[in-house]
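Colleague: Before anything else, here's the structure in question.
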Amino acid sequence: MFKSAKHALAGIFITLFLSSSALAAGQFDGVTLLVGTWGGLWKDNQVENIVSKFEAEGGKVEFVTGSPAANFAKIVAARGQAPFDVVEILAAQVKDYRELDVLHPLDLSLIPNTQHLPETHYNEWLVGSWETQEVICYHKDKFAEEGIPVPTTYRDLVHPKLAGRIQFPDINSGGGLPGLAGVTFAEGGNETN
Numbered sequence: 668m669f670k671s672a673k674h675a676l677a678g679i680f681i682t683l684f685l686s687s688s689a690l691a692a693g694q695f696d697g698v699t700l701l702v703g704t705w706g707g708l709w710k711d712n713q714v715e716n717i718v719s720k721f722e723a724e725g726g727k728v729e730f731v732t733g734s735p736a737a738n739f740a741k742i743v744a745a746r747g748q749a750p751f752d753v754v755e756i757l758a759a760q761v762k763d764y765r766e767l768d769v770l771h772p773l774d775l776s777l778i779p780n781t782q783h784l785p786e787t788h789y790n791e792w793l794v795g796s797w798e799t800q801e802v803i804c805y806h807k808d809k810f811a812e813e814g815i816p817v818p819t820t821y822r823d824l825v826h827p828k829l830a831g832r833i834q835f836p837d838i839n840s841g842g843g844l845p846g847l848a849g850v851t852f853a854e855g856g857n858e859t860n
């Protein structure tokens with residue numbers, strides 16, 4: 668969460684929508700909440716499922732769209748004057764946001780839905796809102812044509828016929844760190860090395 672009284676109010680944004688009993692008529696009159704998030708269908712889903720409830724209580728929601736990396740760049744460019752009140756970031760970015768001193772610890776008692784999450788998916792700085800499962804995507808017919816075995820682990824992608832032809836997610840993307848972990852495990856490592 669971003670620091671300030673307004674931002675503390677914004678911090679209960681998700682909680683309130685997931686617990687309709689917490690809503691009181693007009694409690695957000697005159698409040699405009701700026702939300703940093705991805706665009707497209709992700710944002711459309713938020714509009715459909717969350718925004719109308721906030722607006723029914725008198726508030727207004729405006730979106731600042733971009734990837735987590737792009738939204739972090741917006742904060743850096745604004746010299747810490749965040750262009751949004753709440754933002755969706757990657758867990759790998761928490762340290763960077765904290766170094767800029769733009770995060771405010773969460774009061775997890777105000778976010779009851781954490782009871783439905785594994786403890787590894789939330790802490791005083793974040794609550795996970797999505798999760799990915801990493802996979803290896805490949806063109807089955809091309810692999811067969813080239814005589815390349817079906818890959819079942821990242822290690823299988825180290826093949827001479829695949830040199831220079833592998834796409835891997837950027838470390839700052841949603842799949843970057845899990846991909847790196849997959850390579851590490853494939854090579855016999857673990858989360859400590």
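No gaps in the numbering here: position 20 of the sequence shown is 687 in the working numbering, and each next residue is one more.
Don't be surprised by glycine CBs; every beta carbon is placed ideally from N, CA and C.
These figures come from a predicted structure and were not determined experimentally.
Would you mind giving the Cβ-Cβ distance between F730 and F695, rounded to the nearest angstrom? I have them listed as a contact below 8 Å.
Modeller: Not really, about 16 Å apart at Cβ, beyond 8 Å.
Colleague: On a Cα-Cα basis, can you pick out the residue from P772, Q834 and Q782 that is closest to E791?
Modeller: P772
Colleague: Under 7 Å between the Cβ atoms of A862 and L847?
Modeller: With the chain covering only 668 through 860, there is no way to say anything about residue 862.
Colleague: Any contact of the stretch 775-784 with the stretch 748-765, i.e. 3+ C-beta pairs under 8 Å?
Modeller: no
Colleague: Could you have a look at Y805 and say whether DSSP puts it in helix, strand or coil?
Modeller: coil
Colleague: Rounded to whole angstroms, what is the Cα-Cα separation between A745 and T787?
Modeller: 31 Å
Colleague: Excluding five sequence neighbours on each side, which residues of the same chain lie with their C-beta closer than 7 Å to the C-beta of L809?
Modeller: The sequence given here places Lys at residue 809; Leu does not occur at that position. Excluding residues within five positions, none has a Cβ falling inside 7 Å.
Colleague: List in chain order: all unbroken beta strand (DSSP E) runs of 3+ residues lying wholly within the stretch 781-845.
Modeller: none
Colleague: Mind checking who K710 pairs with in its DSSP beta bridge?
Modeller: Beta-bridge pairing links K710 to no other residue.
Colleague: N708: buried (16+ other C-beta within 10 angstroms of its C-beta) or exposed?
Modeller: Correcting the residue identity first, residue 708 is Leu in this sequence and not Asn. Exposed is the call here.
Colleague: So F730 is in the alpha helix (DSSP H); what residue range does that whole segment cover?
Modeller: Element bounds for F730: not the alpha helix (DSSP H) but the beta strand (DSSP E), K727 to T732.
Colleague: When burial is assigned at 16 or more other CB atoms within 10 Å of the CB, is L767 buried or exposed?
Modeller: exposed
Colleague: Does the Cβ-Cβ distance between A749 and I742 come in under 7 Å?
Modeller: yes
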